[in-house]
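Worksheet: one structure, shown below.
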Amino acid sequence: MAAVQGAISKRRKFVADGVFYAELNEFFQRELAEEGYSGVEVRVTPTVTDIRSGDGKAQHGRKLAVGYELQKVAKDILSTNGSSLFSVVIRATHTQEVLGEQGRRIRELTSLIQKRFKFPENSVSLYAAKVQNRGLSAVAQCESLRYKLLNGLAVRRACYGVLRFIMESGAKGCEVVVSGKLRAARAKSMKFTDGFMIHSGQPAKEFIDCATRHVLLRQGVLGIKVKIMRGSDPEGKAGPQKTLPDSVTIIEPKEEEPILQPMSQDYGAKALAAQQLAEQQRLAEQQATEAQEGAGAEAFAQE
Numbered sequence: 001m002a003a004v005q006g007a008i009s010k011r012r013k014f015v016a017d018g019v020f021y022a023e024l025n026e027f028f029q030r031e032l033a034e035e036g037y038s039g040v041e042v043r044v045t046p047t048v049t050d051i052r053s054g055d056g057k058a059q060h061g062r063k064l065a066v067g068y069e070l071q072k073v074a075k076d077i078l079s080t081n082g083s084s085l086f087s088v089v090i091r092a093t094h095t096q097e098v099l100g101e102q103g104r105r106i107r108e109l110t111s112l113i114q115k116r117f118k119f120p121e122n123s124v125s126l127y128a129a130k131v132q133n134r135g136l137s138a139v140a141q142c143e144s145l146r147y148k149l150l151n152g153l154a155v156r157r158a159c160y161g162v163l164r165f166i167m168e169s170g171a172k173g174c175e176v177v178v179s180g181k182l183r184a185a186r187a188k189s190m191k192f193t194d195g196f197m198i199h200s201g202q203p204a205k206e207f208i209d210c211a212t213r214h215v216l217l218r219q220g221v222l223g224i225k226v227k228i229m230r231g232s233d234p235e236g237k238a239g240p241q242k243t244l245p246d247s248v249t250i251i252e253p254k255e256e257e258p259i260l261q262p263m264s265q266d267y268g269a270k271a272l273a274a275q276q277l278a279e280q281q282r283l284a285e286q287q288a289t290e291a292q293e294g295a296g297a298e299a300f301a302q303e
């Protein structure tokens, strides 16, 4: 944040902070382009704490300021005693090169910033933070494409290489636009797209990471624009925690018991069978009666 000597209006303060951030970002883009510079964050906090690397060993200069969010820093920056600590967190893909041998380079950058903006002694601290997934960082991929073009690689081949790397890193969509004097004397634009991409609305601001760079070649200046569509991540690391408003989740149906097939019953056939059975029983009884009568007549005749 810009150092102030007295209470100023919020409008002037935010303008000064914006100019400070823009100049700081431009300075790091020039100085740390080869180290994969991906952005900077400025914080104001009274204390700092060390952040250890994944192997558990503390590395010199790899610290991260523990403070308030940028929206809550407005009250602290208005203090006139200048006792607040300005912490500048540099995000890059190669943090070891940013730190330098035994932290020499990070100290040089700290001294340059302190002299340029006339900060008090020991009031500015620079820290390096590694980009977790550089394939989802539009700034890192834009710088990578810029260096490929500066080294003389063909535009189409360089763009397809960046496009493939971004999609393999887990992005939902990607768009790379290169404009300028590509081959002929007349300028034109080449667009390379892959996957799903949105272009409007609030989700475009939340899910799309965009970066623009310029390449100065012998035939002229080329403009590079990289847009990366990130997917939703519940942890908030690879993308926003929220989902797209038009996303539809299909829930698997539960297993249902089989439905018994209906069976038709022929009541006329049952009545006919019952009638036939009754007829058979009547005939059997009649035959039994006739047999008894015949046996009685024979016995009477013998007597």
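Sequential numbering of the sequence shown, starting at 1, is according to the UniProt record's numbering. Note that CB positions come from ideal geometry on N, CA and C, so glycine has one too. All of these numbers come straight from a predicted model, not from anything done at the bench.
* Considering A129, what are the terminal residues of the beta strand (DSSP E) in which it resides? -> V124 to K130 is the span of the beta strand (DSSP E), which, as asked, contains A129.
Pair within 8 Å by beta-carbon distance, F27 and Y37 = Result no, Cβ atoms of F27 and Y37 do not sit closer than 8 Å.
Any idea if E256 is buried or exposed, counting beta-carbon neighbours within 10 angstroms, 16 or more meaning buried? Classification of E256: exposed, given that the 10 Å Cβ count is below 16.
>> Short of 6 Å in beta carbon distance, which residues of its chain neighbour H94, apart from the five on each side in sequence? Order them along the chain.
In response: Hits under 6 Å: E35 and G36.
For C210 versus G195, is the C-beta distance shorter than 8 Å? In this structure, C210 lies away from G195, with their beta-carbon atoms at least 8 Å apart.
**Item:** Inter-residue Cα distance where the pair is Y160 and N122
**Value:** Looking at the backbone, the Cα of Y160 and that of N122 are separated by about 46 Å.
Quiz item: So what does D209 bridge to, in DSSP terms?
Solution: Paired residue(s): I228.
inquiry  = Is the beta carbon of S137 closer than 8 Å to that of V131?
reply    = The Cβ-Cβ distance between V131 and S137 falls below 8 Å.
In the DSSP assignment, find the unbroken alpha helix (DSSP H) run with K188 in it and report its ends.
-> Note, K188: premise wrong, no alpha helix (DSSP H); beta strand (DSSP E) at K188 to G195.
Between the CA atoms of G180 and L99 - distance to the nearest angstrom: L99 and G180: Cα-Cα distance of roughly 36 Å.
Beta-carbon gap between I90 and G135 smaller than 8 Å = Their beta carbons are not under 8 Å apart, which means I90 does not touch G135 by this criterion.
**Asked** Whose CA, out of R164, R183 and Q261, lies closest to the CA of F192?
**Response** Out of R164, R183 and Q261, R164 has the C-alpha closest to the C-alpha of F192.
_Quick check: what's the CA-CA separation for E177 versus I259?_
This sequence places Val at residue 177; Glu is not what is there. Distance from the CA atom of V177 to the CA atom of I259, rounded to whole angstroms, is 58 Å.
- Item | Exposure of T47, with buried meaning 16 or more beta-carbon neighbours within 10 Å | Unreliable placement is indicated for T47, whose pLDDT of 45 sits below 50; no coordinate value is reported for it.
message: Considering Cα atoms alone, identify which of E101, V221 and T110 is closest to S87.
response: With distances taken between Cα atoms, S87 lies closest to T110.
Thinking C-alpha only, which one of F20, M190 and A273 is nearest K118?
For K118, the closest of F20, M190 and A273 by C-alpha to C-alpha distance is F20.
| query | What number of angstroms, rounded off, separates the C-alpha of Q141 from the C-alpha of V215? | reply | C-alpha separation (whole angstroms): 14 Å.
*Between which two residues does the beta strand (DSSP E) harbouring E136 extend?*
Checking the sequence, you will find Leu at residue 136 rather than Glu. If you look at L136, you'll find it isn't in any beta strand (DSSP E); DSSP assigns it neither H nor E.
Excluding the five sequence neighbours on either side, which residues of its own chain have a C-beta within less than 7 Å of the C-beta of R12, listed in chain order?
Within the same chain, R12 has no close Cβ partners at all.
Point to revise | Rounded straight-line distance, which links the Cα of G201 to that of K188 | key: Taking the straight line joining both Cα atoms gives about 28 Å.
* **Opening and closing residue of the beta strand (DSSP E) in which F86 lies** => Looking at the DSSP string, the run of the beta strand (DSSP E) that includes F86 is L85 to A92.
What's the gap between the Cα of G18 and the Cα of V221?
-> Their Cα atoms are separated by approximately 27 Å.
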